[in-house]
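A.B. asks: Below are the structure tokens for one structure; questions will follow.
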Amino acid sequence: MANDELTGHSPAKPQSGRTVLDPHFDPHLDRYAARTAGMTASEIRALFAVASRPEVVSLAGGMPNLAALPLDTLSTQVAQIIAEDGLTALQYASAHGLPPLREQICDVMALEGITAHPDDVVVTVGSQMGLDLVTRLFCDPGDVVVAEGPSYVGALGSFASYQAQVVHVAMDEHGLVPEALRAALRQARITGRRVKFLYTIPNFHNPAGVTLAVERRAEILEICRTYDVLVVEDNPYGLLGFDGQTYPALHSLDPDNVVYLGSFSKTFASGLRVGWVLAPPAVREKLVLATESATLCPPTLNQLIVSRYLATHDWQSQIKTFQQNYRERRDAMLSALEQYLPPGCTWTKPDGGFYVWVTVPEGVDTKAMLPRAVSAQVAYASGTGFYTDGSGSRQMRLSYCYPTPERIREGVRRLAAVLHSELEL
Ligand code: PMP
1 MANDELTGHS PAKPQSGRTV LDPHFDPHLD RYAARTAGMT ASEIRALFAV
51 ASRPEVVSLA GGMPNLAALP LDTLSTQVAQ IIAEDGLTAL QYASAHGLPP
101 LREQICDVMA LEGITAHPDD VVVTVGSQMG LDLVTRLFCD PGDVVVAEGP
151 SYVGALGSFA SYQAQVVHVA MDEHGLVPEA LRAALRQARI TGRRVKFLYT
201 IPNFHNPAGV TLAVERRAEI LEICRTYDVL VVEDNPYGLL GFDGQTYPAL
251 HSLDPDNVVY LGSFSKTFAS GLRVGWVLAP PAVREKLVLA TESATLCPPT
301 LNQLIVSRYL ATHDWQSQIK TFQQNYRERR DAMLSALEQY LPPGCTWTKP
351 DGGFYVWVTV PEGVDTKAML PRAVSAQVAY ASGTGFYTDG SGSRQMRLSY
401 CYPTPERIRE GVRRLAAVLH SELEL
């Protein structure tokens with residue numbers, strides 16, 4: 001067969017007589033754009049299939065726990081939106097986002113000290129799309145993005161798809177270390193590398209579970225100003241502090257040099273895919289143009305659902321309920337880690353958000369251990385997925401957001417048993 005001679009590929013012949021190609025063979029390989037080279041399935045996504053088997057306790061994913069949402073009220077409201085305003089709700093709308101929702105988003109951001117004009121808000125399909133658009137606007141291939149080490153896997157995916165290079169900067173229990181940031185920016189300047197922005201998750205970090213100390217915030221902003229580097233602040237968890245505490249957004253301290261990404265995924269409903277970007281006017285105009293070419297507009301119906309929910313529901317009490325649920329799960333995880341993990345393991349102690357970052361003793365490789373953990377019916381995200389430089393093999397991210405406290409305890413118990421046997425090898 002000519003095709004197979006050209007490709008050197010040997011087709012399998014099933015009983016039916018039809019020729020079936022090797023599923024890993026890709027006949028389009030030499031057609032793809034160079035930027036696809038960085039597009040690899042995230043380790044976490046690859047795990048989803050196994051981790052979602054009911055017998056496996058998954059501490060791997062970061063799915064919000066939506067059980068507390070008022071589904072009856074929501075279904076009535078969705079029906080009302082379609083009955084009263086269906087022809088608008090089901091129609092295209094502005095790429096910028098619906099004006100009433102953009103006003104409400106400003107009220108949400110005010111809780112973290114941001115004073116914003118609705119014109120400067122661009123509604124996106126989750127903050128993931130905000131990340132994609134911002135990277136598209138700023139990064140040429142080879143440009144540098146500075147990010148915490150570890151960093152959010154979905155952001156690393158966006159940076160890779162625009163062929164940006166990531167330079168990781170160390171964190172400690174108080175978040176990004178200012179001196180490490182200064183050193184990284186100085187080094188980039190010396191070596192002539194163009195840093196386009198600092199990507200940072202200041203609150204309840206994914207995956208590290210730490211929060212940037214308030215005293216460090218102005219310093220980080222000042223360092224970025226000194227090196228003429230934009231700040232991209234990604235803040236999906238900021239309202240999920242377990243004591244209801246909030247921290248001043250970086251945007252509130254330097255609005256002209258910070259692009260802020262927000263989301264309703266963790267405070268309302270992730271499946272609606274409604275997020276936003278708050279940006280200085282010139283950047284915002286480019287974001288609207290980029291949205292037009294990416295999706296024409298964010299989904300109208302979903303924007304109306306969020307808008308009605310914010311207008312008619314006590315959403316701040318709903319967030320308090322979410323905080324309590326996550327706090328209970330965080331407590332279960334921290335006490336189980338204390339009780340079961342072998343000596344030599346350390347972990348962060350989040351006071352909000354979804355994640356604990358665990359460091360295991362030398363000699364244990366969390367990526368290599370993962371199949372053994374899954375056989376023991378527990379899954380986690382190995383640390384290597386959260387770096388672009390090969391670090392993270394002694395780390396793992398444990399999510400406590402989704403399972404019940406009992407399942408979390410059982411998951412940690414199973415994980416500890418796997419760790420004990422790795423250490424005995
Ligand atoms: N940023 C961070 C830090 C996240 O953890 C997530 C989701 N896990 C996102 C952005 C994307 O969120 P969404 O697109 O659902 O708003």
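Residue numbers (the UniProt record's numbering): 1 to 425. Just so you know, even glycine gets a beta-carbon here, dropped at the ideal spot from N, CA and C.
How many whole angstroms separate the CB atoms of V169 and L156, which I take to be in contact at a CB cut-off of 8 Å?
C.D. replies: At roughly 14 Å, the Cβ-Cβ gap does not stay under 8 Å, so V169 and L156 are not in contact.
A.B. asks: Quick one: complete alpha helix (DSSP H) runs, 4+ long, within the stretch 175-214?
C.D. replies: The qualifying runs are 178-190.
A.B. asks: Touch check for the stretch 126-138 and the stretch 270-289: three-plus C-beta pairs under 8 Å?
C.D. replies: With a cut-off of 8 Å, the stretch 270-289 and the stretch 126-138 count as touching, because enough Cβ pairs lie within range.
A.B. asks: Exposed or buried, which one is P350 when buried takes at least 16 other CB atoms within 10 Å?
C.D. replies: Classification of P350: buried, given that the 10 Å Cβ count is 16 or more.
A.B. asks: Please enumerate, following chain order, all residues with a beta carbon closer than 6 Å to at least one heavy atom belonging to the ligand PMP.
C.D. replies: My final list is G62, G126, S127, Q128, Y152, G154, I201, N206, D234, P236, S263, S265, S270 and G275.
A.B. asks: By Cβ distance below 6 Å, which residues in the same chain neighbour T384 in space, the five residues on each side in sequence not counted?
C.D. replies: So the qualifying residues of the chain are K367, G392 and S393.
A.B. asks: Does the separation of the CB atoms of A379 and V56 fall below 7 Å?
C.D. replies: Cβ distance < 7 Å, so A379 and V56 count as in contact.
A.B. asks: One question on the structure: do L261 and G352 come within less than 7 Å of each other, judged by their Cβ atoms?
C.D. replies: Contact flag unset, no.
A.B. asks: For R298 versus G97, is the C-beta distance shorter than 7 Å?
C.D. replies: The question names Arg, but residue 298 in the sequence shown is Pro. Yes.
A.B. asks: With distances taken Cα to Cα, identify the nearest neighbour of I81 among S252, V306, V134 and S335.
C.D. replies: Here the closest residue by C-alpha is V306.
A.B. asks: Judging by CA-CA distance, which residue of N235, A184 and Y227 is the nearest neighbour of G209?
C.D. replies: It is N235.
A.B. asks: Quick check: what's the CA-CA separation for K196 versus A188?
C.D. replies: Going from the Cα of K196 to the Cα of A188 covers about 11 Å.
A.B. asks: Taking Y309 as part of the alpha helix (DSSP H), name the residues at either end of that continuous run.
C.D. replies: Element bounds for Y309: T300 to T312.
A.B. asks: Identify which residue in Y162, P150 and E173 has its Cα closest to the Cα of V348.
C.D. replies: First, the residue type needs correcting, since residue 348 is Thr and not Val in the sequence shown. Selected option, being the one with the closest Cα: E173.
A.B. asks: Spatial neighbours of Q91 within its chain, please: C-beta separation below 7 Å, excluding the five flanking residues on both sides.
C.D. replies: For Q91, where only same-chain residues beyond five positions count, the Cβ hits under 7 Å are T300.
A.B. asks: Can you list, in chain order, the stretches of the beta strand (DSSP E) that have 3 or more residues and sit fully within the stretch 118-166?
C.D. replies: You should have 121-124 and 144-149.
A.B. asks: Counting pairs of Cβ atoms below 8 Å between the stretch 307-322 and the stretch 159-168, do you hit three or more?
C.D. replies: Contact fails: fewer than three Cβ-Cβ distances are below 8 Å.
A.B. asks: Between which two residues does the alpha helix (DSSP H) containing L261 stretch?
C.D. replies: Per DSSP, L261 belongs to no alpha helix (DSSP H); it is in the beta strand (DSSP E), V258 to S263.
A.B. asks: Quick check: the Cα distance between G244 and D26, rounded to an integer number of angstroms?
C.D. replies: In a straight line, the C-alpha of G244 is about 50 Å away from that of D26.
A.B. asks: Rounded to whole angstroms, what's the CA-CA distance from V78 to E84? Just pull it up for me.
C.D. replies: Roughly 10 Å between the two C-alpha positions.
A.B. asks: Classify V214: buried if its beta carbon has 16 or more other beta carbons within 10 angstroms, exposed otherwise.
C.D. replies: Exposed: under 16 other Cβ atoms inside 10 Å.
A.B. asks: Does the beta-carbon of E424 have 16 or more other beta-carbons within 10 angstroms, so that it is buried, or is it exposed?
C.D. replies: It counts as exposed.
A.B. asks: Roughly how many angstroms lie between the CA atoms of D228 and T246, to the nearest whole one?
C.D. replies: C-alpha separation (whole angstroms): 28 Å.
A.B. asks: Ordered along the chain, which non-local residues of its own chain (more than five positions away) have a Cβ less than 8 Å from that of L370?
C.D. replies: Closer than 8 Å at Cβ, skipping near neighbours: L47, A379, Y380 and S382.
A.B. asks: Measure the C-alpha to C-alpha separation of P70 and P403 and round it to an integer number of angstroms.
C.D. replies: Roughly 20 Å separates the two Cα atoms.
A.B. asks: Nearest to N257 by CA position, among I223, T267, G238 and A290, is which residue?
C.D. replies: For the residues I223, T267, G238 and A290, the minimum Cα distance to N257 belongs to I223.
A.B. asks: In whole angstroms, what is the alpha-carbon distance linking T191 and A184?
C.D. replies: Distance between the alpha carbons of T191 and A184: 11 Å.
A.B. asks: Please report how far the alpha carbon of A376 lies from the alpha carbon of P255, in whole angstroms.
C.D. replies: Cα to Cα, A376 sits roughly 49 Å from P255.
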